[in-house]
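Below you'll find the structure, written out as structure tokens, and then a few comments.
In this note's numbering, the protein residues as written are 2 to 365.
Put into structure tokens, the structure is as follows:
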């Protein structure tokens, strides 16, 4: 009951309305282009959960969006907005891949552990750079992380298609494939879902517990909401900001590792199709609330996986997912402005009523 009391019911209602409107816009687009929207949405659901293989792909997509959304939330709660998660993911994926290829003669558990540590350290370090520039030189972390994204993706693209490209004629692009012994075990056959999901679920719980149930999580929240107040309260706000950013980058690095060891099997320059930005938008929609991010990730995972099905079976472009996503983002952003305008209008109306009542009493 305490949990339900903490829910912002107005925000939840607004979110539901915005989702409905976004889906309605998608329906109008499909109707205008000669497709049956009811059939299309039914196909999306079927394509997301209709078979075990499809359900596995949806769960894997959910965990990716969820972890990247939580990575965004940790940085934002600590006072820094991490837009560079895509680059941190790329470097984490590349570093863990090279560990696996280089140390493949060692026992699999040791290699996987070393790959995990390497991925989170590399991802965290790449987030540490813009964090330090922000706290030491007051350089905007938004600008630096966007620029570092490009650097990371270009460097990785060069390495996996140049010096570290596979020499095997059976591999068309990217690095060599990892040995089979290093691949995460499949949880559902023929799907992308692997034991990486279990690690991700554990990490999700730990992030939630850390953000909601610990003193450090409260300190992060105070720092993110009002850095000056946190500083005057005796908190080491600079260290908290840097730490939250490093944690955000480390999570992104871990996700990069799971993409390689979970189902891709090698490092390629297409390891991520803007996954971080989807996760970031999920986090923004849910106001960086961990539970909200989990729930919204389920919705978008179903929509994303199912959109591929309507592309193959009905000829409707899977970009309808991006359209619905974009409309929802626009509506949620506009909603904040509308609510502020509505509240101001109500306050002015109330003030005029009080003034009118007061004037009437004085006149009597």
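For each residue, glycine too, the CB sits at the ideal point set by N, CA and C.
Residue i to residue j span [Cα, whole Å]
i: residue 180; j: residue 287; result: 39 Å
i: residue 117; j: residue 89; result: 14 Å
i: residue 133; j: residue 79; result: 14 Å
i: residue 158; j: residue 123; result: 17 Å
i: residue 257; j: residue 120; result: 7 Å
i: residue 26; j: residue 328; result: 8 Å
i: residue 357; j: residue 344; result: 20 Å
i: residue 5; j: residue 290; result: With a pLDDT of only 45 at residue 5, under the threshold of 50, the placement of this residue in the model should not be trusted; the figure read from the coordinates follows. Taking the straight line joining both Cα atoms gives about 14 Å.
i: residue 48; j: residue 206; result: 28 Å
i: residue 29; j: residue 38; result: 8 Å
i: residue 203; j: residue 187; result: 17 Å
i: residue 352; j: residue 340; result: 18 Å
i: residue 277; j: residue 196; result: 21 Å
i: residue 106; j: residue 99; result: 13 Å
i: residue 149; j: residue 85; result: 7 Å
i: residue 171; j: residue 109; result: 24 Å
Classification of residue i by the beta-carbon crowding that lies within 10 angstroms, buried from 16 upward
i: residue 269; result: buried
i: residue 210; result: exposed
i: residue 314; result: exposed
i: residue 139; result: exposed
i: residue 11; result: exposed
i: residue 234; result: exposed
i: residue 221; result: buried
i: residue 177; result: buried
i: residue 243; result: buried
i: residue 35; result: exposed
i: residue 2; result: Residue confidence for residue 2 is low, a pLDDT of 45 falling below 50, so the modelled location carries little weight; the figure read from the coordinates is stated next. Looking at its Cβ environment, which holds fewer than 16 other Cβ atoms inside 10 Å, residue 2 is exposed.
i: residue 279; result: buried
Whether residue i touches residue j by CB criterion (8 Å)
i: residue 154; j: residue 91; result: yes
i: residue 208; j: residue 317; result: no
i: residue 259; j: residue 59; result: no
i: residue 264; j: residue 97; result: no
i: residue 23; j: residue 219; result: no
i: residue 73; j: residue 284; result: yes
i: residue 57; j: residue 193; result: yes
i: residue 69; j: residue 214; result: no
i: residue 67; j: residue 298; result: yes
i: residue 183; j: residue 113; result: yes
i: residue 45; j: residue 304; result: yes
i: residue 241; j: residue 224; result: yes
i: residue 321; j: residue 308; result: yes
Residues that residue i bridges to, as DSSP identifies them
i: residue 192; result: Answer is none; residue 192 lacks a bridge partner.
i: residue 187; result: 195
beta-carbon residue i near the ligand FAD non-hydrogen atom, thresh 7 Å
i: residue 152; result: The ligand content of the structure shown is nil, which means the ligand FAD is not present either.
Whole alpha helix (DSSP H) runs in the stretch 14-94 with 4 or more residues, listed along the chain?
-> 38-50, 53-78
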